[in-house]
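**Q**
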Amino acid sequence: VQLQASGGGLVHPGGSLRLSCAASVSRFSIAEMGWYRQAPGKQRELVATITRGLTTRYSDSAKGRFTISMNNAKNSMSLQMDSLRPEDSAVYYCHAQTLGTRDSYWGQGTQVTVSS
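Okay, so the sequence shown: first residue is 8 according to this note's numbering, each after it adds one.
#1: Could you tell me the distance, in whole angstroms, from the CA atom of Pro93 to the CA atom of Arg51?
#2: Can you tell me whether DSSP reads Ser76 as helix, strand or coil?
#3: Quick check on His179: buried or exposed, where buried means 16 or more other Cβ atoms within 10 Å of its Cβ?
#4: The beta strand (DSSP E) with Ala55 in it runs from where to where?
#5: Can you find at least 3 beta carbon pairs, one from the stretch 103-120 and one from the stretch 28-40, that sit closer than 8 Å?
#6: Between Leu17 and Ser122, what straight-line distance do the alpha-carbon atoms span, to the nearest angstrom?
#7: Look at the alpha carbon of Asn79 and the alpha carbon of Ala29, and state the distance between them as a whole number of angstroms.
#8: May I ask which residues mark the beginning and end of the beta strand (DSSP E) holding Glu39?
#9: In the DSSP output, which residue or residues are listed as bridge partners for Leu17?
#10: Mind reading off the beta-carbon distance from Ala13 to Thr117? Whole number of angstroms is fine, and I expect it under 8 Å.
Here it is, written out as structure tokens:
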């Protein structure tokens, strides 16, 4: 499984960004997809996940501001990030876990910087 992430960039506090992650296989081969992030000097942390059955899960920091969704036709996943804060600045990584074997795959990171 290959994952191609896109959509990072520089945004002012309070602004919005949309991250996308395209998978090389049908989403029906995947048990769960998600976004994680890692800021300098910190551990990688969960941001949001979505299951094959479209159940979503968010970190406390992301709840109410971020929305994760699946695009069935494109085998892709998106993360809409609104009301961004400087502390959201990090490298964001797309992740997928396959059905059956539960193998774990990571996309390349995409930088999100929230700064005035």
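Glycine included, every Cβ here is placed at the ideal spot set by N, Cα and C.
Remember, predicted model here, so these are calculated numbers, not experimental data.
**A** Taking the geometry as given:
#1: 17 Å
#2: strand
#3: Here the chain comprises residues numbered 8 to 123, so residue 179 is not present and cannot be evaluated.
#4: 52-58
#5: yes
#6: 7 Å
#7: 11 Å
#8: 37-45
#9: Thr120
#10: This sequence places Ser at residue 13; Ala is not what is there. About 6 Å; that satisfies the 8 Å criterion.
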